[in-house]
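Residue numbers (this note's numbering): 12 to 267.
Structure (C-alpha cells):
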C-alpha cells in the first residue's frame, strides 16, 4: 500500500474558513474521526486518548494523575508536576482539542462535552499541583474550553427545543468564566473577551428564537401600552395578567 497521502488530500479539500471533519471506517473495522488540516489529516480514536495510547496503563494521562491523587497523601512528591509532566498534559489536552473541534463540526455534542470536561480537569489538576509559572501557562485556556463546553450543551439542548436549558448553560458558563478570571487575576487580560462575546451572541440568538409564554407576551404588550400612554389598554392587560398568573404557575404555562 502506498504511503503517499495525496490521494486522500486531493479528494478532500482543506477549507480555511471552517472546521472540516468526517467519520471513517479503518482497515481493521474500527470507526475513527478525521480532521482536515492545511498540510494533511489528523485521524483520531473516537474515545479515550485520540492517539489510542494508554499512558502508564491508564485510559489517559490525566486519569493516571487523578488515580495517584486519590491514592497518595496530599503532599506526596509523585503528585507534583514538573515542566516535563506539564508538557505531556498539554500535549494530551491538544489532542483532545483537535478531537472536540472535529466533533463540534460533526454536531457530536456529547463528545464535545466529554472532551472539554477532560481539558477543564487538566487545567484544574495543573492548578492544584504545578508551580506558579506553569499554572500561569495553562490558565488562559480556561475561558475558551469552558465556552466550548457550554456551546455544546446549548446546541444539544436546542436540538430538542429546550430553550431554557440552553440559556442556563450559557449563563452558567459566563458566570464561571468571570469568577475564574477574577480568582486567578486574569480580568485585566484579553483572554476571556472572545469567549464571553461568543456566549453573549449565542444567548441573544437563542433568546430571539425562544417561544414566549402567554404571560411574557402580555407583559410585553403591557410595557408597550404604558410607553404609549394607552392607560385603558394597560389596565385591561394588567387584569388579564393578574388573572393568568394567579391561575397558572408561570413555569407550566403553555407557550401557544
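Ideal placement from N, C-alpha and C gives every residue a C-beta, glycine not left out.
Between which two residues does the alpha helix (DSSP H) holding residue 81 run? 72-82
Pop quiz: residue 70 and residue 63 are said to be a contact at Cβ under 8 Å. What is the actual Cβ separation, rounded to whole angstroms? About 10 Å; that fails the 8 Å criterion.
Could you work out which residue in 189, 161, 192 is closest to residue 178 when comparing CA atoms only? If we check each option's Cα against that of residue 178, 161 comes out closest.
Our contact map puts residue 106 next to residue 61 with C-beta atoms below 8 Å; I'd like the distance itself, whole angstroms only. About 4 Å separates the two Cβ atoms, so the contact holds.
Starting from residue 92, trace the beta strand (DSSP E) in both directions and tell me its first and last residue. Careful: residue 92 lies outside any beta strand (DSSP E) and carries neither H nor E.
Just list the alpha helix (DSSP H) runs in the region 213-256, keeping only unbroken ones of 4 residues or longer that don't cross its boundaries, in chain order. If we require 4 residues or more, the alpha helix (DSSP H) runs fully inside the region 213-256 come out as 225-238.
Can you name, in chain order, every residue of its own chain whose Cβ lies under 6 Å from the Cβ of residue 202, other than the five neighbours on each side? 151, 154
Would you identify the three-state DSSP class for residue 203, choosing helix, strand or coil? coil
Report the partner residues of residue 210 according to the DSSP bridge assignment. For residue 210, which the question treats as bridged, DSSP gives no partner whatsoever.
With a threshold of 8 Å, are at least 3 pairs of Cβ atoms found where one atom belongs to the region 165-178 and the other to the region 138-146? no
Among 56, 82, 149, which has the Cα closest to the Cα of residue 97? 149
Cβ neighbour criterion (16 or more within 10 Å) applied to residue 200: It is exposed - the Cβ of residue 200 has fewer than 16 other Cβ atoms within 10 Å.
Can you tell me which of the three DSSP states residue 98 falls into? helix
Does the region 80-100 come close enough to the region 44-55 to have 3 or more Cβ pairs within less than 8 Å? no
Supposed contact pair residue 93 and residue 111 - C-beta distance, whole angstroms, cut 8 Å: Between residue 111 and residue 93 a beta carbon distance of about 27 Å is seen, past the 8 Å cut, so the two are scored as non-contacting.
Please determine, among 75, 175, 170, the residue with the shortest C-alpha to C-alpha distance to residue 222. 175
Helix, strand or coil for residue 51 per DSSP? Strand at residue 51.
Quick one, are the C-beta atoms of residue 185 and residue 210 less than 8 Å apart? yes
With 16 as the cutoff for other CB atoms within 10 Å, does residue 130 come out buried or exposed? Buried: at least 16 other Cβ atoms inside 10 Å.
Please state the DSSP three-state secondary structure of residue 150. helix
Can you give, in chain order, each stretch of the beta strand (DSSP E) that sits fully within the region 13-50 and has at least 3 residues? Segments of the beta strand (DSSP E) lying fully in the region 13-50: 32-36, 42-48.
Could you give the distance in angstroms between the alpha-carbon of residue 238 and the alpha-carbon of residue 245? 10 Å
Hey, residue 169 and residue 124 are a contact pair by Cβ (cut 8 Å); roughly how many whole angstroms apart? About 14 Å; that fails the 8 Å criterion.
For residue 116 versus residue 32, is the C-beta distance shorter than 8 Å? yes
Does the Cβ-Cβ distance between residue 73 and residue 133 come in under 8 Å? yes
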